[in-house]
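Take the position in the sequence shown, starting the count at 1, then add 139; the result is the number in my numbering. From the three backbone atoms N, C-alpha and C, an ideal C-beta is built for every residue, glycine too. Input: a single structure, listed below in C-alpha cells.
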Amino acid sequence: MFMFNDPFSYDFMFIFSKIERLYKRGSRICVTNSYSTMSSSTKPFTNKLAAEKSPYLLQHSTNPVDWFPWGDEAFKKAKEMNRPIFLSVGYSTCHWCHVMEHESFEDKSIGRLLNENFVSIKVDREERPDVDKLYMSFIQSLTGGGGWPMSVFLTPDLEPITGGTYFPPQDSMGRLGFSTILHMISDKWRNNQQQVKEQGRELAEAIRESVQHAKSSQLPMADTAVEECYARLSRQFDKENGGFGSAPKFPKAVDLDFLLYFSIVKKPSEEATMALKMLRVTFEKLFAGGIHDHVGKGFHRYSVDSVWHVPHFEKMLYDQGQLLRSYANFYKVTGEAVAAEAVCDIADYIALNLTHPLGGLFCAEDADSLPTAESAKKREGAFCVWSFGEVERVLGDRPSRHNENVCLNELVCSVFNVKQEGNVPGLADPHGALRGQNVLHRVDECEISKIAAENKMTVEQLKRCIEDAKRFLAEERAKRPRPHLDDKILTAWNALAISGFCAAAQAIPYRAADFKERAEKAVAFIRCHLMFEGELLRSAYVDNVGQIVQIKDPIKAFADDYAFLIEALLSLYSLNFDESLIEWAQQLQLKMDELFWDDSSNSGYFMSRAGDPSIIVRMQDEQDGAEPCTNSVAASNLICLGFLLDSADFRQRANDCFAGATQRIERYPYIMPRMLIALHSAAHPPFQIIVVGQSTDEMTQKMLKAIHSKFLPMGTLIFIDKDRSDQWLYRHNSHLADYACVYTPGQPSVNCKSVWRNYEENTSDGHHFLNYEDFCHSVRLTMRAHSTAVVLLPFLLSLGWMLLLFQRGLCPSHLSSPLNGEQISERTFNDKMSRFPFLLLIFSTLYCFTRFPPCLAAQTSGPSKQQRSRQIHAQSQILSNLFTNYDPNQRPPVRELANHPSIIVTTSLVLNRVIWHTHSAEVDLNLHQDWEDSRLAFDVDPREDVHEVLLPTNVVVWRPNTFFVGAQEQAPSMGTRAVQVGRSVIEQSGFMRSDERRTLRVNFQSDGAFPVRDKRNIRLAISSASYPIEDVVYLWANSPPLIQPIQVADNLYEGSDAQYVFEEAEAGDCPILGNLTANSFSCIELIVRFRADVGRGFLSSLVPGSLLVLISWFHFWVHSSWSVPRTLSAAIPLLVFVCVLLLLPIESCALRIWFLLCTVFTLLSLVEYFLVIRHYTTVTTGPLSPLEQQNNQHPDNERKASPTTTTTVVVTQDEPLIQHGETATMAGHAGWHSNKLDVVSRVAFPIAFLLATCIYVLFHLYL
C-alpha cells in the first residue's frame, strides 16, 4: 500500500468538517463486544468476477469472497438483503492490493464474514476512474491520505459510511484489524441502521456541496499564476538529487513539462535559466537512479527514498508515455545526449513489453514476481534486483567486446554500487523484502571518470563496457519468471503514449519512422477496437490466445479518454498531416462537450457522463497528478482546435475552463501546472506555422523536420499541399485559402533572409538544424508559384510591348532613316512609347533581385522529381540501417591497415567575425573537421546517385569533443550561440564532414617594431576534451606551405576600436605540448595576425584630422575685425583633439600618435593667435593723416588695410592713450611686427605639418 498525504485536497476539508461534526454527535462507529454469529456453511471459492475480463478482477475471481462487479446486480442485492456494501478498489499491479488479498480476501473466515454481512464489490480503478475519484475524495477527507487498495463501506444507496486503505487481517500494534472492523460495522448496521443511513446521506451531501463549481467572471492572471507555480516548485526542488519534495518521490511529468515551458517563455531571465537547470538535474538523476531499470529499460512508478535509489517496482504505461514526451521535448531544447538515450530507452521498453501485435498498448507490469520458477511466493522487485553472487556469476568470466582486459564484474559493481551485503538501506525496505539484494543505481559522472582512470580507460570505453555488461545481465534476467502483465488496453493511457511517440519522432529523426509507425498503429487500434456504435470506449481486453475481446456491456469512455485522445490525434497530425485526424478530433471534441460539459455552471468537464444512477456525485478532475487533469488537457485541445479550425466557440469554451478553475488557480496555482500552460498560452496568443508546398518534395520535408526539431509549446503547425485543392481544412478554415501562395500568414511577399532571421529569433534556445542555404532552398519551394507569376508577368508584358512596337516599325526609332519634321514628332512619340517597356523591364529585373536573395536566385537544374524521391527514400533507408545498432559513445575503430591506433581529425577554420575589445577579441568562427568512422560506411545502388548522406543534426554521433585551449566559449554579443552544430555529411566510405559554429573570447597580443604601427595576434589552440593522443590526433587540413588552413569572411570586423585587417595565419603544432607528445592530448595551433587598416586610417583619422588642423589656421588669413570666428577657429580644433585623445583606447598607438601630432599643431596655432592679438585692440577713430596712412601702408599689411572713411587704429594695451598722433605711430610699429609673425606662420605651419604627416605615414606604412 502506498499512503500519501495530499496537501492539495482543499475541497475535501468541507467534507472533513462534516464528518467531524457527525462523529461528535455520537455517530462514530466504535468497537463493541457483540459479534455476529458466523454461519457454518461455506461458499465455493468462485464468484461473479470469473465472467469479467479485467486482469485485476480476474485475480480475485477465486477468492472465498462473493465478489460482485460494479453494477445493478450488486446494488439490487444490497437493497433486497438490506446489507451495507463493502467496496474494494485497486488495480492488478498494486503491491499492497496483493498483500491484502493474500492476508484477508483469501482467508476463509474473513470471506465468510463478508459474505454473511455485506455485499462485496470489487472495482478496477483503471476501468472505473469515476468511482475511484468519488470515494477516494471521501477517504482523503476522512483520513488525510489515500492510496490503494481503497476500502469503503457504503449504504445500499451507495452513500459512504467509513473506510480506509489497507487493513491488516487482525489487530496489531494498536491498529484495528480488518476482521474487527467488519464486526464493528455489521453490529452498527444491525443495531443503529437509521443513524448510519442518516450519516451516509449527510456525508454524500457534504461531498455534493464540496464539488459545486462557480465560474468566475474574470480569468485568472496568467503571468502571476505562472510565477507563483515556479516559485513553489523552486522551493520544493531537491538541488542535490533532483525532483521535488522528499520521499516518496514521483517523476511527475506535468511539473517537468511546466518547467520546460517556463524556461522557454521566460528566457532570457535568471528564472528561466534556473528552471532549465532544475530539469537537467532531475532528468539526469532519474536516468541514473534505481527508478530507471538499467537492464530492462523503462521507468518504475516512484522511488521510496529521496535519491531515486529504491523504487516501487511496478511500471505504468502512463508514466512511460509522459516521460517519453518530456525527455523528447527536453532534448529538443538542449540537445543533451542523456535525453536522447532516455527517449530510445523508454520507447524500446514499450515496444518490447507493453505492445500488442495489432498496435494497442498494455497497462502495466507488476512489482511482484517469483524469485525463481520453483518459488511458491512472489516477492516485490524479484525480477529486477541482483545479489552480489548473481552479478559475479554472470559477469565474472565474460569478456567485453571492446576491451578483453577489463573485468566486467568489477566495473559493474563500481559503477552501480553493487555490494556483497546488498545496497538497499533498511529504511527503504522496512519489510526486509530486499535484504541482501542490489538495486542498480549508477554513480555520477565524476565518479565514473575516476573509475575509468583507475582502469586506465576513457569514459567512453568504460560506458561501452558497461553496455556489454548490461546485455549479459539482460540475457540472464530473461530466464527469471516475469512479473504479471496487465494486458488491459485503456484509451486514455494509449493516447498519452501516442503523444509521447509523436514527440519522440520529432526529436530523434533517425528513429522517426519507427516512432511514427507505433503512434499510427496505436491510433488505428483505437479506431478499430475501442469504438462501439459511434462512441468511444474505455477499455479493451486480451484473451488467453491473444485475441482482442470485449465484455458483455462495454465500458464507455470517460472524459479523460476523450481529452487525451484528442490531444494525441492533434500531435499525430503535426507529424504526418493526415487531415482525417483533425476531423476525428473535432468530432470527439463535440461529443465530449455533449456528454461531459457542466451545463449548469459552464465551468468545465465532469469525469463521468450524465444519466448514471450509480454515481451519486459527478466529480470534476481538479488537479494535475500522476496523470494530467482532464480539464487542463481539454483547455489545451480547445485552444489548438480553435486556431486550426478558426473556431471562436472552441476558444470561448477554453476560456470557460479557465474561468471555472480561477479560484483554484488563484489559491493553489501549483496544483494545476498543465492548466497554467494552457492559460498562459491563451493570454499570449499562440502562433501558427503554415507551410505550403508539395508533400513529396525533399526540401518541404526538410523544412518540416526543422520545425519538428524545435520545441514549440502551444504552437500549431498546418501543412497545405499545393497539389490538392480538396483539403478538408480548406472547408473548415476559410483563412487558409489566403496562404496558398504564401509561406507565413500576413506576409504576401516573403524575403528569405527576414524569414530566417525571425525563425532564429523566435524559436527556442537550443541547437539549429538548418543552415541558411538549406532554409532558403526550403522557402523557395513555398514561393515558387507566387514568385514565378510576380517576376515573369512584368517581364512578359514589357517584352510583348517591345515586339508590338518593332512590328509597327516604330521602335527603336533611333535606327530609322533621317526624318523630316513630321517624322521628328513621330520619333518623339515613339521614344515616349518605347520608354515604358524598357522601364518595365528594368523594374522587373530590379524587383527580382530585391525580392529574392542570392540563395533564391542561384538555382541550378537538379534531378527530376522521381529521381529525387528515390534519393530521399534511399537516404532515409541508409540512415535507418546505419543507426540501428550504432553506439555514439564508442570511439570509431581504426582501419586494419592503419599504422597508428588513433583517429585522425583534419581541421580547418573560417573566421566569420571579429569584435575587438580593450584587451580581448570576440571571434566567431566555423570549425570544419573530417574523420573516418567505418561504422557509418554504406553501400547503395549506383542508380540512386547517392554518394553522401546529410546527417540530421540532432542525431547523436561520435565526435572528437573538440575545444579551444585558453579560450572562453560564450554566448556572443552578435546574437549567435556559443556552439552550433551545423551541417554534417556522411560519405559513402564512412568519412564524416562536420561543421560547427563557435564563439570564443580570446586575449590578443600587440606587436610591432615601432609604436606607431599596430599589430594584434590571436592564438587558437585546438585539442580534445576527452580523448588522449592514443585515441585522437588533430592535423591541419592542407597544412602549410601548400594552403593556409584558414579562410576569412568579408565584413570581418566590428567594434569602436581601430580597424585591423587579416595579415597572415601560421598553423602548426602547439609549441608546449606538441602533437605527438606521449601521454598527452593532441594539440594544434593557429596564430592569426592582424595589422591596422591604413586605408581606413586615412579616411577615418588622417583626413578629418588634417581638415581640423587647417581650420585652426583660419585666423592667419581672416581680417582682424572677425574676432569671434578667428577665436573659435583656433580653439575648437584643439578642444576636439584633446577629447579624442582622452577617449582613445590605450592600445591604439598609431591613432594616439597621429592625434597627438594634430593636437600639437593646433596648440601652436592657438599660441600664435594669442601672440598676435596681444599687441592689438580695436578702436574706431576719424580719418587718418597722410603720414599715418603712409605708415600703415607697409607691403605686408594688406589684411590690416581698411577704407579711409572709418579707420582702425591699433594701440598697445600696455601704454595709455596719450595723444592721437603718438598712438597712431605706435600702432603702425606694432602692426608691422604682428603682420610679420602671421606671414611666417602662413608658410611655416603648412610646411611643418606636411613634413610631420609624411614622416608619420612612412613609419606607419613601411616600418
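I'd like to confirm the pairing. Which residues does DSSP put opposite residue i in its beta bridges?
i: Ile1271; result: In DSSP, Ile1271 forms no bridge with anything.
i: Leu274; result: According to the sequence displayed, residue 274 carries Tyr and not Leu. Answer by DSSP bridge pairing: none, since Tyr274 is not bridged.
i: Leu188; result: Leu188 is not bridged to any residue.
i: Leu675; result: Met670
i: Ser1047; result: His1067
i: Thr301; result: Phe292
i: Gly381; result: In the DSSP output, where bridge partners are listed per residue, Gly381 has none listed.
i: Thr855; result: Gln827
i: Ser742; result: According to DSSP, Ser742 bridges with nothing at all.
i: Val1412; result: Absent from the model: residue 1412. The displayed extent of the chain is 140 to 1402, so no value can be given.
i: Ala96; result: Here the chain has residues from 140 to 1402 only, and residue 96 is not among them.
i: Thr1138; result: Asp1063
i: Glu1126; result: Glu1087
i: Gln1144; result: Asn1156
i: Glu519; result: Asp507
Assign residue i to one of three DSSP states: helix, strand, or coil.
i: Ala1387; result: helix
i: Phe1294; result: helix
i: Ala370; result: helix
i: Asp751; result: coil
i: Trp1097; result: coil
i: Ala266; result: Per the sequence shown, residue 266 should be read as Glu rather than Ala. Here Glu266 sits in coil by DSSP.
i: Tyr470; result: helix
i: Asp507; result: strand
i: His431; result: strand
i: Met758; result: coil
i: Glu549; result: helix
i: Tyr701; result: helix
i: Asp394; result: helix
i: Asn221; result: coil
i: Ile324; result: helix
i: Phe452; result: coil
i: Val1396; result: helix
i: Ser710; result: helix
Kindly indicate which residue of the options has the alpha-carbon position closest to the one of residue i.
i: Asn1028; options: Glu245, Gln1014, His1067, Arg1074; result: Arg1074
i: Leu1050; options: Ile628, Glu659, Leu1225; result: Leu1225
i: Ala702; options: Asp682, Val681, Leu729; result: Leu729
i: His495; options: Arg1381, His439, Asp625; result: Asp625
i: Leu1021; options: Glu266, Val449, Gln1127; result: Gln1127
i: Ile460; options: Gln725, Leu1295, Ala658; result: Before going on, a small fix: residue 460 reads as Gly here, not Ile. Out of Gln725, Leu1295, Ala658, Ala658 has the C-alpha closest to the C-alpha of Gly460.
i: Phe789; options: Phe257, Ser259, Ser775, Glu805; result: Ser775
i: Phe306; options: Pro295, Ile300, Ser318; result: Ser318
i: Leu1376; options: Phe1388, Arg1228, Val1306; result: Val1306
i: Arg1030; options: Val1095, His1058, Ile857, Ser243; result: Val1095
i: Arg340; options: His668, Ser1219, Pro295, Arg537; result: Pro295
i: Ser109; options: Val1378, Asn1142, Leu1390; result: Outside the displayed span of the chain (140 to 1402) sits residue 109, for which this structure offers no information.
i: Pro1247; options: Val1227, Val1299, Lys187; result: The sequence given here has Leu at residue 1247, not Pro. Here the closest residue by C-alpha is Val1299.
i: Lys272; options: Val258, Val291, Ser408, Asn256; result: Val291
i: Ser553; options: Cys585, Gly575, Cys523, Leu566; result: Cys585
i: Asn254; options: Val262, Glu706, Pro223, Tyr230; result: Pro223
i: Phe1201; options: Lys1154, Trp1175, Leu1174, Ile1223; result: Lys1154
For residue i, verify whether its CB is less than 7 Å away from any heavy atom of the ligand NAP.
i: Glu837; result: For the structure depicted, the ligand NAP is absent and the ligand set is empty, with no information on it obtainable.
*Mind pulling the alpha helix (DSSP H) runs of 4 or more residues that sit fully within the region 577–661?*
584–593, 598–616, 630–646
*asked:* For the structure I just gave you, are there three or more beta carbon pairs, one from the region 233–248 and one from the region 193–212, closer than 8 Å?
replied: Short answer: they touch.
*asked:* Measuring CB atoms only, is the region 506–519 touching the region 531–540, in the sense that at least three cross pairs come out at less than 8 Å?
replied: no
*Inside the region 189–254 only - alpha helix (DSSP H) runs reaching at least 4 residues*: 194–198, 211–220, 234–239
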